[in-house]
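Per our numbering, the very first residue in the sequence shown carries number 1239; after that it's consecutive.
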Amino acid sequence: MISSNEIRSRFIGYFERQGHQAVPSSPLVPANDPTLLFTNAGMVQFKDTFLGTEPRSYNRAVSSQRCVRAGGKHNDLENVGYTARHHTFFEMLGNFSFGDYFKREAIEFAWEFLTVELKLPVDKLFVTVFEDDDEAEAIWLNDIGVAPDKLARIGAKDNFWQMGDTGPCGPCSEIFYDHGPEIAGGPPGTPEEDGDRYIEIWNLVFMQYNRAADGTLTPLPKPSVDTGMGLERVAAVMQHVHDNYDTDQFVHLLKAVRELAPDADPANRSLRVLADHIRACAFLIVDGVLPSNEGRGFVLRRILRRAIRHGFQLGIEGTFFYKLLPALVEEMGQAYPELTAQQDFVGKVIRQEEERFAETLDQGMKLLDAACEAAEGTLDGDTVFKLYDTYGFPLDLTQDVARERDLQVDVAGFDAAMQQQRERARAASRFGAAAGLDAGVGEASEFVGYEALSARESVQALLRDGQAAELLGAGDEGAVILASTPFYAESGGQVGDTGELLGDGLRFVVEDTRKDAAGAIMHLGRVVEGELRVGTALHAQVDEQRRADIIRNHSATHLLHAALRAVLGTHVQQKGSLVAPDRLRFDFAHLQAMSADEIAEVEARVNAEILANHAAEVSVSSYQEALDAGAMALFGEKYGETVRVMRLGDTSCELCGGTHVGRTGDIGLFKIISEGGVAAGVRRVEAVTGRGALAWARDLDGLVNGLAARLKTAPDGLGERIDQVLERQRELEKELKKFKQEMGAQQGGDLAASAQSIGPLKLVAASLDGIDGKALREMVDDLKNRLGSAVIVLAAVNGSKVALVAGVSDDQTKLIKAGELVNHVASQIGGKGGGRPDMAQAGGNQPENLPAALASVTDFVQGKLAN
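Okay, structure coming up:
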């Protein structure tokens, strides 16, 4: 029996000895890949390498890839807790060949690792091949020596892999482990294959074809291999258990869960849900995902809330889920040190989400319980949507509860209600589709703008309305593609350059620069004069002053990032940025507002680096060498094997393809102008540099001088003068308050003297001038004290608004309720109100009806007394 950590280590070590490059696990968020919500297999980080668009310096690789399957096409969330092998988070061990070895070597490596390295008994292993793959079958039977009764041919449904409807694809060969006859189930390919006796542990994918749109399969020039072996499943085999949750990766977690719920039945599936979900939540947060209502953040929120609901079901009170982190770090922190480094931050994020959901969980569960009781087999879509929209219950959480009660969920009704809410207008870019940005019309362009802001080049392609064109005439808008260009295309938060493309009698104004799907740099704009044709020779000139403003802000963004991590903590991760000529905007992961002292310290650190006037150091190295040297890779960015490293001073070293200053002193001045929240756990800093900072300082100077002149003092005496003005204001407010009290007392005396006697009580119904709501309440109390047994209604008019206060002495509240009385009056002036039996208040917006409304109080009171 060996640990999961040792299995992982042995796997990587074995394939390193076979000439494979060990590649670290990529983040759970695939960089620049909109087709995937999360990394769900080991091959994801090598996708472009398999497609031939991202060459690597090695042609064999091995990795242990952390994966999440909890959203999109690959979603195991609903099965977690109900089966022995479904997880939201898991690790995939994989070895890969990029046009190097193929079927024979892949099969030999797999068999040797399992039977020699791990010493698994041969008679316990069963293999499958694609039904048409005679080559793989021959290798297994003739070269490896697998017994014929231990091999099955399987159809395309299970044993043919493809990346999509078109593209690389090929047959698979799977290796199964036989857990023994005491467990129900038969070998793959038999009617009993769905049992749990034979468990797939390794899948070998042989990429040997390219599938065309019409389904035609063409052999690839360089067949490749992609394999995947689930660490949790292999651990179960090596630790002589049948259930993944009985392996060492879960034993400590389940113990920690049981300590939170000591009275729970050990077989309760909620214990497993919590042990599984803390893994997914923690690693998603480590990789930069934060709970939100969209995309990946919403999936994280779903997993978190599902876990919280299961804790609620176990009777765990208060916030609890974050308390499982220490057990997870103890188990996996050595293999993934980033988990240990960010433990505190991860805990804060989880606890904050728990507190947010706890506010509505109890109410939502009561509504759900009632709906389940009333349902006749199906929960209606409107109720399910209300749970989602009002109480934050994701659909799958409601489905989870419904399944426990043998109920179906009206998913179509839920989807219809959701669609109605989602309908909203989306502003389109002026260019975008019209310019053909997604078309991939041109070939990748060479950017020469690091060294120069102008160049001579001929037109490679033209586009108008997203389509290739031979000519753009005066007044036409479109896109120009050059083979090389000094214009920087929008990327990594840095906006695209503007400028001009000039020729004989020709001027094209570049209003933006972007890249299309193929990497062609597209100059977007319009022809001001002349005609532009494919092949035309042009002088490309970037707007130098604008570029200078942009690079100041870009370099300052790097310094800001380093300063934020130094002041707030290393949990700070970039969540987005904008580098424009007039300002910079930087979004980052942090759970609370920055204090004034923290903002000041960040500013001071950045300006210290600027004053030091460090030279900007640019280097090019392999991605891994850059990381090993301390360079920071930014969240959500995709990097090739060769990367550009930008070092600014002693604090900042990042991978960056953008343009920067030559020395930090070129930035001039850095000033933070705002800090605020933009989403749960995400803060935003906006700042200015260079000319923008000088303009900000000029505006501030003008404001200070203007205020000083208005207050008749020197700028350096402005603080003292403002204190004097505020002190005088406080004195005047005290005098005004005293005057109002005296006036109120006088008016109260006059009102008491004019009170109308109705039977055993005194009645006052009057409108007063210059009285606010608080003063009205005080006068009502005063009149009740003066008159003894009394009913009072006082009103004050402020423009078109009317304030009403009614008071009834305690001895009369059985007959007359202040709330009924005030509503009787308010209903006549377009308002309503309420309150206690002895005191109530209301408002209205029809002051012209007030005299008649007050006059009606006498009849109201007489009617109550008569009854």
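Heads up, the beta-carbon is just placed ideally off N, CA and C, and yes, glycines get one too.
Span of the alpha helix (DSSP H), counted from its first residue to its last, around P1575: Your numbering for residue 1575 matches position 337 in the sequence shown. Note, P1575: alpha helix (DSSP H), P1575 to A1579.
Quick test of your reading: G2045 and I2030, contact by CB under 8 Å. State the CB separation rounded to the nearest angstrom. Here residue 2045 refers to the residue found at position 807 when the sequence shown is read from its first residue. Here residue 2030 refers to the residue found at position 792 when the sequence shown is read from its first residue. The pair is a contact, with the Cβ atoms about 5 Å apart (cut-off 8 Å).
Using three-state DSSP, classify G1930 as helix, strand or coil. Translated into the one-based positions of the sequence shown, residue 1930 becomes position 692. Three-state result, G1930: helix.
Using a Cβ-Cβ cut-off of 8 Å (strictly less than) and excluding sequence neighbours within five positions of E1431, which residues of its own chain qualify? Residue numbering aside, residue 1431 sits at position 193 when the sequence shown is read from its first letter. Within the same chain, E1431 has close Cβ partners G1423, G1424 and P1425.
Does the contact criterion of 3 or more C-beta pairs under 8 Å hold for the region 1315–1329 versus the region 1445–1453? no
Look at the alpha carbon of S1992 and the alpha carbon of K2000, and state the distance between them as a whole number of angstroms. The sequence position of residue 1992 within the sequence shown is 754, counting from 1. The sequence position of residue 2000 within the sequence shown is 762, counting from 1. Each residue's alpha carbon lies about 10 Å from the other.
So what does A1827 bridge to, in DSSP terms? Counted from its first residue, the sequence shown places residue 1827 at position 589. DSSP output for A1827 lists V1920 as bridge partner(s).
For the region 1617–1628 and the region 1568–1577, state whether three or more C-beta atom pairs, one from each stretch, are separated by less than 8 Å. no
Going by beta carbon distance, what residues of the same chain come within less than 6 Å of Y1296, once the five residues before and after it are set aside? Counted from its first residue, the sequence shown places residue 1296 at position 58. Same-chain partners within the cutoff: Q1259.
Under a Cβ-count criterion, where at least 16 other Cβ atoms within 10 Å of its own Cβ denotes burial, should E1497 be classed as buried or exposed? Start at 1 with the first residue of the sequence shown, and residue 1497 comes out as number 259. When all chains shown are included, E1497 counts as exposed.
How many Å lie between E1614 and A1640 at the Cα? Along the sequence shown, read from residue 1 onward, the residue named residue 1614 stands at position 376. Along the sequence shown, read from residue 1 onward, the residue named residue 1640 stands at position 402. The straight-line gap from Cα to Cα measures roughly 12 Å.
Going by the CB atoms, is the gap between N1851 and T1897 shorter than 8 Å? Here residue 1897 is taken as the residue at index 659 of the sequence shown, counted from 1. Here residue 1851 is taken as the residue at index 613 of the sequence shown, counted from 1. Cβ distance not < 8 Å, so T1897 and N1851 don't count as in contact.
Any idea which residues DSSP pairs H1777 with across the strands? Taking the sequence shown and counting its residues from 1, the one referred to as residue 1777 is at position 539. Answer by DSSP bridge pairing, in chain order: R1694 and L1740.
I need the DSSP call for F1364, collapsed to helix, strand or coil. On the sequence shown, position 126 is the one that residue 1364 refers to. In this structure, F1364 counts as strand in the three-state DSSP scheme.
Name the two residues that bound the continuous beta strand (DSSP E) containing L1331. As a working note, residue 1331 is residue 93 in the sequence shown. F1327 to S1335 is the extent of the beta strand (DSSP E) around L1331.
Who does Y1415 pair with in a DSSP beta bridge? Numbered from its first residue, the sequence shown carries residue 1415 at position 177. L1363 and I1437.
Sequence-distant residues of the same chain with beta carbon closer than 7 Å to G1895, five excluded per side: Residue 1895 sits at position 657 when you count from the first residue of the sequence shown. Only S1729, G1730 and R1882 meet the Cβ criterion.
Is K2070 helix, strand or coil when you go by DSSP? Taking the first residue of the sequence shown as 1, we reach residue 2070 at position 832. Strand at K2070.
Of the choices V1360, A1869 and V1923, whose alpha-carbon is the least far from that of K1388? Looking up residue 1388 in the sequence shown gives position 150. It is V1360.
Between Q1590 and chain B, is the shortest Cβ-Cβ distance under 8 Å, so that the two count as touching? Looking for chain B here will not work: only one protein chain is present.
Is the beta carbon of I1788 closer than 8 Å to that of V1817? Along the sequence shown, read from residue 1 onward, the residue named residue 1817 stands at position 579. Along the sequence shown, read from residue 1 onward, the residue named residue 1788 stands at position 550. Cβ atoms of V1817 and I1788: closer than 8 Å.
Applying the 10 Å Cβ sphere with the 16-neighbour rule, what's the burial state of F1977? Counting from 1 along the sequence shown, the entry for residue 1977 is found at position 739. By the 10 Å Cβ count, F1977 comes out exposed.
In three-state terms, what does DSSP make of R1901? Your numbering for residue 1901 matches position 663 in the sequence shown. R1901 falls in the strand class under three-state DSSP.
For Y1339 and G1290, the rounded distance between their alpha carbons: Stepping through the sequence shown from its first residue, residue 1290 is reached at position 52. Stepping through the sequence shown from its first residue, residue 1339 is reached at position 101. If you take the alpha carbons of G1290 and Y1339, they lie about 16 Å apart.
What are the boundary residues of the alpha helix (DSSP H) that G1763 is part of? In the sequence shown, the residue the question calls residue 1763 occupies position 525. That residue, G1763, is in no alpha helix (DSSP H); its beta strand (DSSP E) goes I1759 to E1767.
Cβ-based neighbour list, A1663, same chain, cut-off 8 Å, excluding 5 preceding and 5 following: For the purposes of this step, residue 1663 is identified with residue 425 of the sequence shown, where counting begins at 1. At A1663, the pLDDT of 32 sits below 50, so the modelled position is not reliable; the number obtained from the coordinates is stated separately. The answer is none, since no qualifying residue turns up.
Please name the residue in A1693, V1365, L1469 and P1504 whose C-alpha comes closest to that of Q1487. For the purposes of this step, residue 1487 is taken as the residue at position 249 of the sequence shown. Of the candidates A1693, V1365, L1469 and P1504, L1469 places its Cα closest to the Cα of Q1487.
In angstroms with no decimal places, state the Cα-to-Cα distance between V1844 and Q1646. Along the sequence shown, read from residue 1 onward, the residue named residue 1844 stands at position 606. Along the sequence shown, read from residue 1 onward, the residue named residue 1646 stands at position 408. Approximately 58 Å, taken between the alpha carbons.
K2052: which of A1707, Y1626, L2103 and A1473 sits nearest, CA to CA? For the purposes of this step, residue 2052 is taken as residue 814 along the sequence shown, with counting starting at 1. Of the listed residues, the one whose Cα sits closest to K2052 is L2103.
Would L1635 and R1544 be called neighbours here (beta carbons separated by less than 8 Å)? As a first step, residue 1635 must be located in the sequence shown, where it is residue number 397. As a first step, residue 1544 must be located in the sequence shown, where it is residue number 306. It is a contact, given that the beta carbons lie within the stated cut-off.
Would E1708 and V1766 be called neighbours here (beta carbons separated by less than 8 Å)? As a first step, residue 1708 must be located in the sequence shown, where it is residue number 470. As a first step, residue 1766 must be located in the sequence shown, where it is residue number 528. Not a contact, by the Cβ cut-off of 8 Å.
Element boundaries [alpha helix (DSSP H), containing F1623]: In the sequence shown, residue 1623 corresponds to position 385, counting from 1. Here the alpha helix (DSSP H) through F1623 covers G1619 to Y1629.
Since F1559 and E1592 should fall inside the 8 Å C-beta cutoff, what is the C-beta to C-beta distance between them, to a whole number of angstroms? On the sequence shown, residue 1559 is found 321 positions in, with the first residue counted as 1. On the sequence shown, residue 1592 is found 354 positions in, with the first residue counted as 1. Going by Cβ atoms, the distance from F1559 to E1592 rounds to 6 Å, so yes, they are a contact pair.
Can you check the region 1848–1894 for any beta strand (DSSP E) of at least 3 residues that lies completely inside it and give the ranges in chain order? 1854–1860, 1880–1886 and 1890–1893
For M1445, which beta-bridge partners are listed by DSSP? What you label residue 1445 is simply residue 207 of the sequence shown in a count that begins at 1. M1445 pairs with S1462.
Where V2113 falls, given that 16 or more other Cβ within 10 Å makes a residue buried: This structure cannot speak to residue 2113, because the chain is shown only from 1239 to 2105.
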